[in-house]
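Residue numbers (the numbering used here), protein chains in the order written: chain A, 1 to 971; chain B, 1001 to 1133.
Take a look at the structure:
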């Protein structure tokens, strides 16, 4: 059921856009139905047994969608959904849908979504799910606080709230995992009910968990984001800061208190930070002139108080804490919404300018006064009941006054004095007569904004909430019955027995309360003048510290970026090489390395001979000044490596390497014809020496690493059991090919994607614009047409002589001076043979050297030949399709061959094989992975075609155009 | 397992010379370095895969130990990727030639600007909103 309601919130959030667009701000009222319905449903669970719902989610990770509606969850859900519904209803009267400063549609969606996330947060029984909902509220709070997207203050506040709470959330995640792994369960109910936890891991886990609560509930030293978040529209503030977001932290403390409240780390964090926050927030609140900021600092103070109480660890404190939690949700949302109504009516929230509001809007004033009385803890409201209970619970600290508990009790009393003071400040500031020079009309002193009376919703909702506080205060014994079902589970610390009620006789708490009221009134009297400048209590400003930290991060980013990225490619690469040199180099030099006792010199004489050749070519390549010389020398090392592969027993590698070297040579020459013959750079001797030293060092370290790594191998090679598996499962004898198309086919698929991306990159860099390709397409179309034509009729001749067959297809289009008849003849003779060979390699590759890669490159070589013989025309005649089509088809076939086994109920890429007897050919072994190899084959052909068409005929066309322009220029 | 010294020397020479060329400003020279290093690294896989043996094809060997096929499969994909990379770098070189009639890699002005800013603002704070568009 909970899941259904969360789903409904999600649906409503998605539909909010269209709803608000069509219905205007009345859409908010429709949206309010979802949390209202949820609240009604949850209320039915108030007195029944605990409801548990579990739905499997990710079995392998032990994740389940589990929800547990115990009393704490029900009370929190009622607050979250009930106030959520009222706030949405209030929005229907408050939000101006024509306003361009923010998007009301986004606001509606985010608010409903937020209510849904909070519902999940307070009802889930799974640690990780708790974290998921926690972060959803963080992200949505960013959207809500930053509602005014054009305001720099607003976006800055939103970013601040996001960074602080997300950092806390991530910290909390570590704590959750520590706790969950330590206890062996991720169910919150089992975790909390488990045997008394101890140990360093639990202490760390609890500490990190509390960091999440402290950031979310804006406790010192992270309190600064909450007043900043007042940039949001007032209904958002009312919801986020009275009922929902900040209450998540309080909820977290309340939820885990039954399990961990006796841990020292818990007590220190909860009591010290709670006390400090209560005092700091209260003190700041008594000095604000903006009603909303006053409430914001008041909220900070109250959050400290709530965390202190629900985390205290005794049954009595928990009861008081929950009572005040409910009370706070009612009176604080009422006050925020009343402030919104004042703002709406007068255009200001500044107590220095407001006057006469009380007289003009008596019902609103009644709501504000009732709520403020509840906040100050005056009878007969719920706030009074809670404060009395709290005093009774705290005033006799079990370990004596010189303890954390004693400090907490003293802070609670002092904080209550401040609460009375700022409650008075709020009431007098908002509804009082104002400064003498204010004039008679209600509203802002300057008269810049004329008074318009707040509508019934704007007054009614705060009044209803305030009256709720009154009703609960009167019926507090019934409330105790509900809350006690949860608080009886909090029993880690001893405490007095406390009951909720309006009258306990002339007890100590009542006397203290009276003193608190008197002292609070005195404090208000002394600080009542809003014009008086006030010095800050402490010099350290957490908000400024945050700013400095953020600037520090920016600064560090700039410095490190500036230091590392000089914009010079050689420097950047050099840095990488230096790291390679220093880190593993130091490791090798400083010890911890077991050097091998013996080395094999060589496998064979041939190996030594080839090695010498490769070394000589590599060294000469570094000294080459001419490009072609370097290219050929590097090619020699490539062919040499192919020989070394062959000698090692890797015929597939040798074959592929030789083919790739050959193709690379062709491609290199195609581009080098455009470039100068010599390398353009001529580095100084010093640079060269530096590079040589770096290169020598890197080579040395790599060599030593190879020796050490090879000799320290103790495990069997991964390929040990492969021969059997390759035949049994892969149905192939060439193990390398089976690995590529079956065992590690996903890697191959990734590699195909890389090849495709490279080919696309080449085409993009050469053709640059789509229009440029239009010419190519036209050429291909005509080539296709011509192909059909050749088949239909004898070859036409333009000379009028006897029809003759031509060596290549497009001989008549070539420049006679640049033709090579021998090349044309050879091409004619071997092209089809090469293609046939490539098909053979493709088919045989599963059992013998070959496979899709080698076969594709062989086919590519055939295309190279056609291109060299007859340039682009010939290429078009040979394969008149766009390379992209070949590449795409190849990847499609490869991916398709992965999916087909899945349709048959097997894992992806599973190989099937069958023997087929074909007359004349004999028995053919059909393997499904051949289809995958066909995809590989096509992708490689596509790459070759792309390279030839782009770097070959594309460059041809550019050269021709340039020559033409140059010719016209000289004429 | 013992390493083959000949192959180790070849691999380290290829990587060393490759690194030397890789540090050049000419794109083609750097590509040559890249190819040399690539060949060297491929050899490292072969060195690490153990002693030479018969080709890893079932039934084709002479009964002696078979060379480890897994590194071979890795190197095979590396070779083909190298071909694709070569083509891409060549296209880059061609583009560079089109724009500047050269294949020299010039310094990235954007990075240089960041570097300069870090130098200038040493000691001073970067005020918010000061980032240039």
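C-beta atoms are modelled at their ideal positions from N, C-alpha and C, and glycine is treated no differently.
Supposed contact pair residue j and residue i - C-beta distance, whole angstroms, cut 8 Å
| i | j | result |
| --- | --- | --- |
| residue 1113(B) | residue 558(A) | About 11 Å; that fails the 8 Å criterion. |
| residue 734(A) | residue 846(A) | 6 Å |
| residue 180(A) | residue 127(A) | 5 Å |
| residue 1088(B) | residue 761(A) | 5 Å |
| residue 1098(B) | residue 736(A) | Wrong, their Cβ atoms sit about 40 Å apart, outside the cutoff. |
| residue 266(A) | residue 420(A) | That belief does not hold up - the Cβ atoms of residue 266(A) and residue 420(A) are roughly 30 Å apart, past 8 Å. |
Neighbouring residues, chain B, relative to residue i (Cβ below 9 Å)
| i | result |
| --- | --- |
| residue 700(A) | 1012, 1016 |
| residue 645(A) | 1042, 1043, 1046, 1072, 1075 |
| residue 975(A) | A question about residue 975(A) goes unanswered here, because the residues of chain A that appear run from 1 up to 971. |
| residue 570(A) | 1022, 1023, 1024, 1025, 1030, 1105 |
| residue 733(A) | 1057, 1058, 1059, 1060 |
Backbone secondary structure at residue i - three-state DSSP
| i | result |
| --- | --- |
| residue 298(A) | helix |
| residue 713(A) | coil |
| residue 959(A) | helix |
| residue 263(A) | coil |
| residue 914(A) | strand |
| residue 1033(B) | helix |
| residue 57(A) | strand |
| residue 64(A) | strand |
| residue 1019(B) | helix |
| residue 269(A) | helix |
| residue 1066(B) | strand |
| residue 126(A) | strand |
| residue 551(A) | helix |
| residue 476(A) | helix |
Exposed unless 16 or more other CB atoms sit within 10 angstroms - verdict on residue i
| i | result |
| --- | --- |
| residue 959(A) | exposed |
| residue 912(A) | exposed |
| residue 715(A) | exposed |
| residue 9(A) | buried |
| residue 287(A) | buried |
| residue 1119(B) | exposed |
| residue 123(A) | buried |
| residue 973(A) | In the structure as shown, chain A begins at 1 and stops at 971. Residue 973(A) is therefore absent and cannot be evaluated. |
| residue 400(A) | exposed |
| residue 1063(B) | exposed |
| residue 892(A) | exposed |
| residue 883(A) | buried |
Chain A residues whose Cβ lies nearer than 7 Å to that of residue i
| i | result |
| --- | --- |
| residue 1099(B) | Per Cβ cutoff of 7 Å: no residues; residue 1099(B) is ~11 Å from chain A at best. |
| residue 1063(B) | None at all; the shortest Cβ gap to chain A is about 13 Å. |
Interface partners of residue i on chain B, CB under 7 Å
| i | result |
| --- | --- |
| residue 144(A) | Correct list: empty, because the minimum Cβ distance to chain B is about 22 Å. |
| residue 833(A) | Residues of chain B passing the Cβ test: none, with the nearest at roughly 23 Å. |
| residue 622(A) | 1017, 1020, 1021 |
| residue 648(A) | 1046, 1052, 1067 |
| residue 607(A) | 1006 |
| residue 739(A) | 1069, 1070, 1073 |
Chain-ordered neighbours of residue i on chain B, where CB pairs are closer than 8 Å
| i | result |
| --- | --- |
| residue 160(A) | Here the premise fails: no neighbours, minimum Cβ distance about 12 Å. |
| residue 587(A) | What residue 587(A) touches in chain B: nothing, since even the nearest Cβ is about 17 Å away. |
| residue 862(A) | Those do not exist, as residue 862(A) stays about 16 Å from chain B at its closest Cβ, beyond 8 Å. |
| residue 171(A) | Those do not exist, as residue 171(A) stays about 26 Å from chain B at its closest Cβ, beyond 8 Å. |
| residue 638(A) | 1035, 1039 |
| residue 932(A) | What residue 932(A) touches in chain B: nothing, since even the nearest Cβ is about 14 Å away. |
| residue 559(A) | 1118 |
| residue 681(A) | 1024, 1025, 1026, 1029, 1104 |
| residue 596(A) | 1002, 1003 |
Report task. Output the residue ranges of the alpha helix (DSSP H) runs that lie fully inside the segment 148 to 220 of chain A and measure 4 residues or longer, sorted by chain position. Result -> Complete alpha helix (DSSP H) runs here, min 4: 152 to 183, 188 to 193, 200 to 216.
Query raised in the report: Unbroken alpha helix (DSSP H) runs of length 4 or more, entirely within the segment 276 to 350 of chain A: which are they?
Result: Correct list: 291 to 310, 315 to 346.
Query raised in the report: Can you list, in chain order, the stretches of the alpha helix (DSSP H) that have 4 or more residues and sit fully within the segment 1038 to 1121 of chain B?
Result: The qualifying runs are 1069 to 1100, 1109 to 1120.
Requested in this report: Tell me the start and end of each unbroken alpha helix (DSSP H) in the segment 838 to 906 of chain A that is at least 4 residues and wholly inside, in chain order.
Outcome: Qualifying alpha helix (DSSP H) stretches, in chain order: 852 to 878, 883 to 903.
Query raised in the report: Whole beta strand (DSSP E) runs in the segment 681 to 708 of chain A with 3 or more residues, listed along the chain?
Result: Complete beta strand (DSSP E) runs here, min 3: none at all.
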